[in-house]
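Under the UniProt record's numbering, the first residue of the sequence shown is numbered 1, with each subsequent residue one higher. Ideal Cβ positions, reconstructed from N, Cα and C, are used throughout, including at glycine. Step one of this worksheet: look at the structure below.
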Amino acid sequence: MSPIHRIAFIGNSLPRRCGIATFTTDLQLAAAASGADVDTSIVAMNDHGRGYDYPPSVHCQVRDDKLEDYARAADFLNDGRFDVVSLQHEFGIFGGEAGGHLMTLLSRLTMPVVTTLHTVLAAPTGAQRDVMERIIDASARVVVMADKARHLLRTVYRLPADKIEVIAHGIPEFAFLEPEEAKARLGFSGRSVILTFGLLSPNKGIEVMIDAMPSILRRRPDAVYVVLGATHPNLVREQGEAYRASLMNRVRELGVEDHVVFLDQFVDQATLLGFISMCDVYVTPYLKEAQMTSGTLAYSFGLGKAVVSTPYWHAQELLADGRGILVPFGDAVAIGDEIAGLLTDDERRQAMRLRAYASSRSMTWERTAKRYLAAFETARRGRVLSVVASPAQTSPSLQMAAPPEMKTGHLLCMCDDTGLFQHAVHSVPDRTHGYCVDDNARALLLACVLNSTGESRLTEALTARFASFVQHAWNPDTRRFRNFMSFDRRWLEDTGSEDSHGRTLWALGECARSDVSPSRRRWAAALFAESLPTVEGFTSPRAWAFALLGLDAYCTIVGAPPTAIWLRTLLADRLLGLMSKVETPDWVWFEDGLSYDNARLPQALIATGVSMKVPAYVEAGLRSLRWLTGLQTTPAGLFRPVGSDSFGDKRCAPKAFDQQPLEATATVSACLAALRADGNPQWRAEAARAFAWFLGHNDLSSPLVDLDTGACRDGLHRDRPNENRGGESVISYLLSLAEIRQLARISGDRPKLAPLRALHA
């Protein structure tokens with residue numbers, strides 16, 4: 001599938017309503033920076049016939065009350081073969097009851113729609129709910145700009161979490177500037193400037209701010225309140241300029257005419273940024289909590305302004321943790337005290353400015369546009385997957401055969417009477433590097449998985465050999481597992497890594513639950529209990545995740561002690577705590593970088609949350625896994641694991657190479673855990689896509705596995721597969737194969753891998 005290059009936007013093109021004209025420009029810049037070539041067109045509502053001049057990017061205008069215009073716009077989009085449509089939805093833009101005319105357009109489109117909801121109502125009318133639900137149903141993805149909106153979509157509209165994207169309101173990339181130069185340019189030199197910008201209407205709370213001016217002036221006599229913006233066109237149509245006149249009368253009654261300035265004008269972005277630059281304090285004194293998004297708040301915050309606001313929903317999220325000041329609704333005394341305090345405390349105001357500016361860098365239009373591009377690609381990929389996978393539309397020649405047979409010949413070749421060798425030269429075991437508990441624990445885990453998934457078991461002798469290696473790795477003096485052993489059976493260390501300890505616990509927990517030997521189950525449970533307490537002092541998130549996966553199995557057996565349940569909660573809370581500290585709108589992860597076995601972290605949270613019935617664990621796991629699978633997807637819809645060249649990078653898109661089987665295996669398991677958690681069939685498709693990487697659906701179109709022996713190459717370099725076939729790789733492939741085969745048996749149908757082949761072709 002070729003990359004997206006034609007995007008259409010539906011909404012009002014003026015920056016003062018949905019910012020589409022500004023956004024499309026920045027989207028094109030962001031796409032160009034990433035090497036993409038994107039053309040954009042706008043289908044613009046005519047804003048009740050006011051006759052505004054539209055920018056050149058507007059190619060189709062719609063009169064909001066004319067159904068034939070909506071149908072004509074759909075024909076324009078279909079004939080133009082656009083890859084995706086971005087609908088910018090706001091109440092009052094579209095005609096019909098609750099904007100219902102819009103469905104005449106959406107119902108005719110042949111491409112996926114990604115809808116950005118600028119407002120989500122907590123208590124919609126019947127008509128509003130009906131139209132909103134129809135728009136949501138017609139959309140492949142739904143974008144909101146605040147977590148509160150996501151919560152309302154989940155609780156009020158029952159929208160599945162995986163259909164929702166939270167992408168912050170975009171802001172221009174603008175330097176952190178002191179206000180003096182802009183003040184001089186705009187005629188406010190020597191004044192302390194308070195600014196409000198936006199369409200003038202009674203819900204903005206301008207009266208409250210005017211009432212606060214006398215108290216501000218007592219502490220800061222040079223203060224001036226600038227109200228920038230035209231009156232809302234709906235208000236003008238109904239009342240003329242009566243509301244603006246009432247505000248001016250209020251100013252005169254309070255005797256603050258020299259300290260309140262009304263600028264009745266529409267302004268372009270450059271002019272707006274100049275006015276924001278000159279202010280010392282930006283204020284949004286809105287009167288109602290149910291304000292989901294404020295572009296003016298986002299812009300002022302992004303320019304590093306000290307902001308005072310009432311606690312409407314968007315402000316609550318954006319200004320939390322000292323990034324701004326919240327005051328009660330309609331409280332002129334409180335708003336006056338806070339603004340005067342900022343204007344008389346330069347150090348505090350500057351600190352707040354710096355905090356806001358630093359926090360807003362993830363919201364720049366370029367970063368926001370990149371996230372939109374990713375959402376558009378996900379929507380189109382989902383559309384193609386659903387179409388290709390449909391039995392009525394899919395050619396039998398594209399259907400992939402059932403999952404491969406389970407072949408363990410190469411695994412047996414990689415073992416001797418000590419255990420599983422680490423490495424191979426091509427397919428020949430390499431004795432030089434000996435053994436490690438990591439791989440032998442994985443092998444013990446495989447033995448248990450084969451038992452529980454209905455596959456042919458490994459021999460008793462081989463399973464006992466893996467268990468024996470784990471037992472011998474235990475060092476009771478250090479309370480840790482050793483990891484590396486030479487070919488002549490000498491331990492090369494007294495203490496292995498935290499991750500190898502955690503992975504061994506995982507294998508022991510699974511062995512305690514599902515090994516065929518009752519005696520070995522008791523052994524595993526005892527050694528698990530003995531080696532578990534050490535994990536409390538670990539600092540590695542992956543060690544925590546591996547231990548949690550082991551605890552998920554261990555806590556199902558009879559007699560699991562309360563200490564295990566306590567430690568389970570502790571480790572899950574640690575992962576959740578990491579994510580809460582690190583996560584930003586465009587980095588939904590536990591650490592500042594990506595490393596190996598990444599998907600095990602969300603898998604551990606999902607499994608723990610399901611077992612312990614803690615929704616917060618499950619939701620965090622699903623959210624981070626959804627973000628990770630998005631990163632691990634090529635523009636053509638193929639699975640691309642995080643390349644090892646990325647290890648050590650901070651908050652960067654992952655590099656493509658080298659690709660390792662471990663990542664595909666972790667992703668398969670995590671997606672199947674997500675499928676069990678929320679039942680969304682998209683997780684099944686994601687698991688199938690990751691498994692198909694082994695079979696040649698990858699960047700090099702090169703199969704990694706030998707289906708006759710079960711051998712698996714060690715990965716993909718940028719120019720060739722790695723021909724070595726070591727222990728970790730063969731175990732990784734066989735673990736994933738067992739899970740995919742079990743999925744096919746449970747569902748009564750083979751995994752739909754056909755879309756992958758069709759996309760790759």
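In its chain, beyond the 5 residues on either side, 407 and 409 have a beta carbon closer than 8 Å to the beta carbon of residue 708. Per the coordinates, the alpha-carbon of residue 505 lies some 26 Å from the alpha-carbon of residue 580. Assignment of residue 514 by DSSP, reduced to helix, strand and coil, places it in the helix class. When the beta-carbon positions are compared, residue 458 and residue 450 come within less than 8 Å of each other. The beta-carbon separation of residue 561 and residue 529, rounded to 7 Å, stays under the 8 Å limit for a contact.
Residues 179, 193, 194, 195, 226, 300 and 305 of the same chain have their beta carbon placed closer than 8 Å to that of residue 279, with the five preceding and five following residues left out of the count. Positions of the beta strand (DSSP E) runs, each at least 3 residues long and wholly inside the region 291-332, are given as 306-309 in order along the chain. Per DSSP, the continuous alpha helix (DSSP H) segment holding residue 691 begins and ends at 681-692. Between the alpha carbons of residue 669 and residue 45 lies a gap of roughly 47 Å. Per the coordinates, the alpha-carbon of residue 216 lies some 51 Å from the alpha-carbon of residue 609. Take the alpha-carbon of residue 733 and the one of residue 710: they are about 8 Å apart. Runs of alpha helix (DSSP H) with 4 or more residues, each lying fully within the region 499-560, are found at 518-531 and 541-554, listed in chain order.
DSSP, read as helix, strand or coil, puts residue 165 in strand. Residue 199 and residue 229 have their C-alpha atoms some 5 Å from each other. In the DSSP assignment, residue 629 falls within the alpha helix (DSSP H) that extends over 615-631. With respect to the 8 Å criterion, residue 285 and residue 206 are classified as neighbours on the basis of their beta carbons. Take the alpha-carbon of residue 105 and the one of residue 10: they are about 10 Å apart. The residues 199, 200 and 201, in chain order, have a CB closer than 8 Å to that of residue 232 in the same chain once the five nearest residues on each side in sequence are set aside. Straight-line spacing of the CA atoms in residue 706 and residue 712 works out to 6 Å. Between residue 626 and residue 162 the beta-carbon gap is near 6 Å, inside 8 Å, which marks them as a contact.
When Cβ pairs closer than 8 Å are counted between the two stretches, the region 292-299 is seen to touch the region 169-176, the count reaching three or more. Counting along the chain, the unbroken beta strand (DSSP E) around residue 88 starts and ends at 84-89. As DSSP reads the structure, residue 484 sits in a beta bridge with 436. For residue 323 against residue 356, the beta-carbon gap comes to about 5 Å, under 8 Å, which counts as contact. The residues 85, 87, 106, 138, 139 and 140, in chain order, have a CB closer than 7 Å to that of residue 113 in the same chain once the five nearest residues on each side in sequence are set aside. Remark: C-beta atoms of residue 441 and residue 507 approach each other more closely than 8 Å. Here DSSP, grouped into helix, strand and coil, assigns residue 742 to helix. Taking a C-beta distance under 8 Å as the contact criterion, residue 690 and residue 664 qualify as a contact pair. By DSSP's assignment, residue 10 forms a beta bridge with 43 and 87.
Ranked by Cα distance from residue 676, the options 214, 354 and 739 are led by 739. Within the model, the alpha-carbon separation for residue 489 versus residue 425 is close to 20 Å. Membership of residue 128 in the alpha helix (DSSP H) is indicated by the continuous run 126-137. Distance from the CA of residue 635 to the CA of residue 147, rounded to the nearest whole angstrom, comes to 28 Å. Note that the region 341-356 touches the region 305-314; at least 3 beta-carbon pairs, one per stretch, sit closer than 8 Å. The same chain holds no residue with a CB closer than 6 Å to that of residue 92 once the five nearest residues on each side in sequence are set aside. Restricting attention to 131, 721, 241 and 685, the CA atom closest to the CA of residue 97 is found in 131.
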